[in-house]
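Take a look at the structure below.
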Amino acid sequence: MATEAKRPKRESSEEDDQPLQNFLLWCDKVNLTLSNKVYLSKEGTVAEYGMLAKDDIEEGHVLFSIPRQALLHQGTSKTKKVLEEGKECLESSSGWVPLLLALMYEYTCPDSHWRPYLSLWTDFKKLDHPMFWSKEERERLLKGTGIPEAVDTDLTNIQTEYNDTVLPFMRSHPELWDPERHTVELYQCLVAFVMAYSFQEPLEDDEEDEDPNPPMMVPMADMLNHVSNHNANLEYTPDNLKMVAVRQIKKGEEIFNTYGQMANWQLLHMYGFTEPFSTNSNDAADIQMSSLYKAAVQVTQSEAEHRLVVEKWSVLCEMEMVGEKGVFVFGKNGSLTDTELYTSLKVLCMSKEDFKEFQENEGWEEDDGDDDESKMAEALSFEGLPALAPQWKRLLHAAAGFTMNQFSQDMESDRRLLEEPGSLAKLGPRESKALHVRLGQKSILHDLQQLIQ
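So the mapping is simple: the numbering used here equals the position in the sequence shown, first residue as 1, plus 1428.
Following this line, the structure appears as structure tokens:
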């Protein structure tokens, strides 16, 4: 049974933290209620601010509740009217432009309603997203993880979005925005802020076919850090948002929310941190779909066999099972893209006769009970992989090997860095986070290869 929360106490473990005190006073003014069993601090937390238990907390306890009018988004900002009027010309691939414009205004406005909240972040670069690392650092520390490519795409999209959409809109509203002040550098910093701290309200079951809800900033909710084995969860109601304990929490424990089922590379890319190697139950590794194609081409022994592989791959592309930039994802228990991988292996390993029949039936086959989703998942789990056909295993083993070869550092070197206390202590924060990402991915790929030798 959830218990009634109380108004936020004007206290913390750091009484001289004026920005935090100002934020708690603001929480009081906007009717944000904070349980008297928790407090905010930078001490005893995994990173920066966090929430800790002052007393034992029972499951179902409401840790805090914030009214919807205290949320920060384009619908609550002073810029609401002009953003609504210009809605059509603010459409973009990210869908974030209205929120980012609102944030740029509110962050730089001295009398913004949200100033006590936004003042908690004096330097967004301290979030330390890889987008703030040098290109050389990303390539040296993160090669093979997929992050350098993702960041390059982000930076290109940010520049394009700012120049083509944001800048013209700001120039048409000089009373609210000034390009000299609201620069692309600030825009990039606020993209990182939204990536790290925004929330997206889930759609109802009857809205699943609609576009996702836009992101929004939820004061207090973003003070909680993340772990995969979290102890709190954000709940949405028509009037407010509530953070609720999902299990018992002991006095002195940090209270953790979840950002979703995030692999370490996703956590670093989007939030600027990682969970320690082997502790993230949602860690995952990607194998480029093109690597499977490369493996299939590699074993051809004639021009006719090569043409057949090309034709098979073309059919898989038409079926939308594979794509040029697509990936097969493996978690700690096996494949997370069962249908795509199973179908790709099956088609690539078909005889010429079977493939011709497959084409004639336009990809449909008589239901032999082998291709339903549960069977595919079982076959591609770490328990089922050893029983795959030898040809399937050889292709998958080679594709995983191509992925392993993309890393700059070999697995044993990374393991030594982690296991030797002296070596680990010498690493900087970025080197340490990159190590946890690399080892998480390599260990999954290594386990995969061991099972299909």
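Glycine residues also receive a C-beta, built at the ideal position from the N, C-alpha and C atoms.
So G1830 and K1870 are supposed to be a Cβ contact under 8 angstroms. How far apart are they, rounded?
Residue 1830 is actually Phe in this sequence, not Gly. Contact doesn't hold; Cβ gap of about 14 angstroms is too wide.
DSSP-derived helix/strand/coil call for K1870
Residue state, collapsed to three classes: helix.
Taking DSSP as the reference, what is the three-state secondary structure of N1424?
This structure cannot settle anything about residue 1424, because the visible part of the chain is limited to 1429 through 1881.
As an exercise, report each continuous beta strand (DSSP E) stretch of at least 3 residues that is fully enclosed by the region 1749-1823, in chain order.
As far as the region 1749-1823 is concerned, its whole beta strand (DSSP E) runs of at least 3 residues are 1755-1759.
Determine the contact status of V1743 and V1775, defining contact as a CB-CB distance below 8 angstroms.
In this structure, V1775 lies closer than 8 angstroms to V1743 by Cβ.
I think T1536 touches L1604, with their Cβ atoms under 8 angstroms apart; what is that distance to the nearest whole Å?
No, T1536 and L1604 are not in contact; Cβ-Cβ is about 10 angstroms, not under 8 angstroms.
Between D1456, M1698, L1867, Q1877, which lies nearest to W1820 when the distance is taken from Cα to Cα?
W1820 has its Cα closest to that of Q1877, out of D1456, M1698, L1867, Q1877.
Rounded to a whole number of angstroms, what is the C-alpha to C-alpha distance between A1862 and L1569?
Each residue's alpha carbon lies about 6 angstroms from the other.
What's the C-alpha gap between N1668 and G1572?
Distance between N1668 and G1572, taken at the CA atoms: about 42 angstroms.
Run through DSSP, which three-state label would D1582 get?
When secondary structure is reduced to three states using DSSP, D1582 falls in the helix class.
Identified DSSP bridge partners for P1495
P1495 is bridged to N1668.
Please tell me whether Q1616 and M1559 are closer than 8 angstroms, where the distance is taken between their beta carbons.
Yes; because the gap between Cβ atoms is below 8 angstroms, this pair is in contact.
As assigned by DSSP and simplified to three states, the class of H1411:
Because residue 1411 is not part of the residues shown, which for the chain are 1429 to 1881, the question remains open.
Could you give the DSSP three-state label for E1682: helix, strand or coil?
In the three-state reduction of the DSSP assignment, E1682 falls in the strand class, which pools E and B.
Whole-angstrom distance between A1826 and A1430, CA atom to CA atom:
With a pLDDT of 36 at A1430, under the threshold of 50, the modelled position of that residue is not reliable, and no figure is offered here.
Of all the options S1626, E1790, V1510, V1525, which has the alpha carbon lying nearest to the alpha carbon of L1500?
Nearest C-alpha to L1500: S1626.
Counting only the same chain and skipping the five closest in sequence on each side, list residues whose C-beta sits under 7 angstroms from that of M1749.
Closer than 7 angstroms at the Cβ level, and outside the excluded window around M1749, lie E1768, T1771, S1772.
Kindly confirm or deny that the region 1647-1665 and the region 1458-1469 touch, where touching means at least three C-beta pairs closer than 8 angstroms.
Three or more beta-carbon pairs separated by less than 8 angstroms link the region 1647-1665 to the region 1458-1469, which places the two stretches in contact.
Could you tell me the alpha carbon to alpha carbon distance between I1485 and N1657, rounded to whole angstroms?
Cα-Cα distance, rounded: 17 angstroms.
Return the first residue and the last residue of the alpha helix (DSSP H) that V1646 is part of.
It is not in any alpha helix (DSSP H) - V1646 carries neither H nor E in the DSSP assignment.
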